[in-house]
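The block underneath contains the structure these notes are about, expressed in C-alpha cells.
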Amino acid sequence: MNHIEKALLFMIVLRLIGGSVEVTAALLMLKFNDLEKAFYINTLLALVGPTILILTTGIGLVGLADKIPLTKMICLFSGILLILFSLKSH
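Numbering (my numbering), first residue to last: 2 to 91.
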C-alpha cells in the first residue's frame, strides 16, 4: 500500500465514523419503529454531521496549509460557517 498522509488518513477515519453513526441511527429508527424516537435520533444526528464537516475540513486545511494561500483558507472557512449559519437560522 502506498504511503497515506496523516491528514488524509484522519479525514477518511472521521468520514467512516460519521457514516457509521448515520447507518446506526437509521437501523435504530427501524428497530424502534416509533416516529417520536426516530425524530429524537434524527435530532441528535444534526450535531454529528456539522461536527464531522468542520473537523475534516480543518484537518484538510491544516494538511494543505503550505499549499493554499491564507485568503483561500479564510474563504473556505467562511463558506463553511455560512452553511452552518444558514442551517441553524431556520
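From the three backbone atoms N, C-alpha and C, an ideal C-beta is built for every residue, glycine too.
Quiz prompt | Pairwise C-alpha distance: Ile-5 and Leu-77 | solution = Mapped onto the sequence shown, residue 77 falls at position 76. Mapped onto the sequence shown, residue 5 falls at position 4. When rounded, the distance between both Cα atoms is 24 Å.
Practice problem: Identify whether Ala-27 lies in helix, strand or coil by the three-state DSSP scheme. | Solution: Translated into positions along the sequence shown, residue 27 becomes position 26. Residue state, collapsed to three classes: helix.
Exercise. Go through its chain and collect everything with a Cβ distance to Thr-57's Cβ below 7 Å, but skip five positions before and after it.
Key: For the purposes of this step, residue 57 is taken as the residue at position 56 of the sequence shown. Here the set comprises Met-12, Leu-15, Arg-16.
Quiz item: Which ranges would you report for the alpha helix (DSSP H) in the stretch 25–79 if only whole runs of at least 4 residues count?
Solution: 36–64
Quiz item: According to DSSP, is Ile-84 helix, strand or coil?
Solution: In the sequence shown, residue 84 corresponds to position 83, counting from 1. Note: Ile-84 maps to helix in three-state DSSP.
Quiz item: Can you tell me whether DSSP reads Ile-13 as helix, strand or coil?
Solution: Taking the sequence shown and counting its residues from 1, the one referred to as residue 13 is at position 12. Three-state result, Ile-13: helix.
Quiz item: Anyone know if the C-beta pair for Ala-66 and Leu-46 falls short of 8 Å?
Solution: As a working note, residue 66 is residue 65 in the sequence shown. As a working note, residue 46 is residue 45 in the sequence shown. No; because the gap between Cβ atoms is not below 8 Å, this pair is not in contact.
Quiz prompt | Close beta carbons around Leu-29, own chain, < 6 Å, minus the five adjacent residues each side | solution = One-based indexing of the sequence shown puts residue 29 at position 28. If we look at Leu-29 and ignore the five residues flanking it on each side, its Cβ neighbours are Ile-42.
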